[in-house]
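Enquirer: Residue numbers (UniProt numbering): 1 to 242.
Before we start, here is the structure in question, set down as structure tokens.
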């Protein structure tokens, strides 16, 4: 297989990543607190094979690194007393098997046992851990500082954290993030929440659709170019047909 075909295949891999990333964004355009994902492209050079030197002494290959856009999404009023939106930087903390995850999705509710959880059932962490309340004591409300209150008064405060470098966060499904580094807890005086409101996805749907069309078209063009350049028997071998 020629250098041109090898480089073309590397571009196909990158374009496939781009198509998958854009498709994931579009699929999450209505996911509360979702942060749009993107790819940073890096091109580097490699020496060509001797027989290709006359046409081009150097060949470029492409690599891509994923990132998340942490800009704020639009605020959407719900009127639910346990729904909250983060104003400014910060993440809510939820418990999952084997650790914690971080999210901007403040759509919380009480489960059958009175525990404050996400809509997916993960316990929402307070400054002292998960919290359970008796609904007989009155409706649960969450204040602008993250304080959780029922009829008899405050019973806890949501744990809010920040990261010195948000690039340390790795996106997971449902608007969740994991992190190798430990976050910093935010003091109550620095927390700003909007009650009865949720932060929507920051995906720009029209822009993402344009990206999808462009990436799909580029993928087809590169694939066709590889077919013209490559030995059909070699392509069959790579595809596992021989």
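Idealized CB from N, CA, C, for every residue including glycine.
1. What is the C-beta distance between residue 22 and residue 212, in whole angstroms, given that I count them as a contact (C-beta under 8 Å)?
2. Check each candidate in 66, 15, 26 and 31 and name the one with the smallest Cα separation from residue 254.
3. At 3 residues or longer, and completely inside the stretch 197 to 233: list those beta strand (DSSP E) runs for me, N to C.
4. Quick check on the DSSP output: what are the complete beta strand (DSSP E) runs of length 3 or more inside the stretch 88 to 112, in order along the chain?
5. With residue 77 and residue 156 assumed to form a contact (beta carbons below 8 Å), what rounded beta-carbon distance in angstroms separates them?
6. So for residue 10, helix, strand or coil by DSSP?
7. Among 122, 20 and 170, whose alpha-carbon lies nearest the alpha-carbon of residue 178?
8. What is the rounded straight-line gap between the Cα of residue 149 and the Cα of residue 141?
9. Can you tell me which of 151, 119, 146 and 193 puts its alpha carbon nearest to the alpha carbon of residue 176?
10. Suppose the cutoff is 7 Å on Cβ atoms and the five residues either side in sequence are ignored; what does the same chain contact list for residue 146 look like?
11. Beta strand (DSSP E) containing residue 174: first to last residue?
12. Go ahead and pull the three-state DSSP assignment for residue 115.
13. Run through DSSP, which three-state label would residue 19 get?
14. Near residue 203, which residues of its chain fall below 6 Å by C-beta distance, leaving aside the five closest residues on each side in sequence?
15. Can you tell me where the beta strand (DSSP E) with residue 149 in it begins and where it stops?
16. I'd like the list of long-range same chain contacts for residue 99, defined as Cβ closer than 6 Å, with 5 residues on each side in sequence excluded.
17. Would you mind stating whether residue 18 and residue 180 have Cβ atoms separated by less than 7 Å?
Expert: Considering the structure as presented:
1. For residue 22 against residue 212, the beta-carbon gap comes to about 5 Å, under 8 Å, which counts as contact.
2. Outside the displayed span of the chain (1 to 242) sits residue 254, for which this structure offers no information.
3. 197 to 199
4. 91 to 96, 99 to 103 and 108 to 110
5. Going by Cβ atoms, the distance from residue 77 to residue 156 rounds to 25 Å, so no, they are not a contact pair.
6. helix
7. 170
8. 5 Å
9. 119
10. Here the set comprises 157, 158, 160, 188, 191 and 193.
11. First-last for residue 174: undefined, no H or E at that position.
12. strand
13. In the three-state reduction of the DSSP assignment, residue 19 falls in the helix class, which pools H, G and I.
14. 25, 29 and 36
15. 147 to 150
16. none
17. no
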